[in-house]
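Asks: First the structure, then my questions, so here it is.
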Amino acid sequence: MAVKREDVKAIVSAIGGKENLEAATHCVTRLRLVLKDESKVDKDALSNNALVKGQFKADHQYQIVIGPGTVDEVYKQFIDETGAQEASKDEAKQAAAKKGNPVQRLIKLLGDIFIPILPAIVTAGLLMGINNLLTMKGLFGPKALIEMYPQIADISNIINVIASTAFIFLPALIG
Numbered sequence: 001m002a003v004k005r006e007d008v009k010a011i012v013s014a015i016g017g018k019e020n021l022e023a024a025t026h027c028v029t030r031l032r033l034v035l036k037d038e039s040k041v042d043k044d045a046l047s048n049n050a051l052v053k054g055q056f057k058a059d060h061q062y063q064i065v066i067g068p069g070t071v072d073e074v075y076k077q078f079i080d081e082t083g084a085q086e087a088s089k090d091e092a093k094q095a096a097a098k099k100g101n102p103v104q105r106l107i108k109l110l111g112d113i114f115i116p117i118l119p120a121i122v123t124a125g126l127l128m129g130i131n132n133l134l135t136m137k138g139l140f141g142p143k144a145l146i147e148m149y150p151q152i153a154d155i156s157n158i159i160n161v162i163a164s165t166a167f168i169f170l171p172a173l174i175g
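In the UniProt record's numbering, the protein residues as written are 1 to 175.
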């Protein structure tokens, strides 16, 4: 699809002009903009633009869906039109992160810390459950499974060590 300069100018105008732009980057399909005041965005003008396939707000970024391939040319012309410096995705995320209130920033910080270690915590919890099934008396008979079948006691010990490891090293995983 050929990118017309006037369509890019219309996008700049619809977001409130270059004065309203704090940072800009793009991914494979979208322009990702950090705006100073999102209330200045003319959503109808963006919707009527031939280049724009959609628009939404996520993580304090205003994202304009352009489409694969076309977004590269639109971004180049957008940067030329606004005079903004090209920003990486990380720079745009950092600029967007400054926009939230303190509670939102705290929740995002906690999410950034705990989301990567969530699989370890879930796995450890499941392994603890399996270990409890093996060691609980009265569940499968009058004795625990490891008492009825002593050969699986070592397996139970190994499961317990692995399950405990995630919680023992939790401070290191967080830090």
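Beta carbons are placed, not taken as given, at the ideal position from N, Cα and C, and that holds for glycine.
Every value quoted in this text rests on a predicted model; they were computed, and no experiment measured them.
Per DSSP, L21 is paired with what?
Replies: L35
Asks: Bridge partners for Y62 per DSSP, in chain order?
Replies: L33 and K57
Asks: Using alpha carbons as the reference points, say which of V65, M128 and I174 lies closest to S156.
Replies: M128
Asks: Considering only their Cβ atoms, is the gap separating V3 from L46 smaller than 8 Å?
Replies: no
Asks: Have a look at I115, E19, I64 and A10 and flag the residue whose alpha-carbon is nearest the alpha-carbon of T25.
Replies: I64
Asks: With distances taken Cα to Cα, identify the nearest neighbour of A10 among I168, T82 and K57.
Replies: T82
Asks: Looking only at C-alpha atoms, which of M136, A163 and D154 sits nearest to T123?
Replies: A163
Asks: If you follow the alpha helix (DSSP H) that F167 is in, where does it begin and where does it stop?
Replies: A153 to I168
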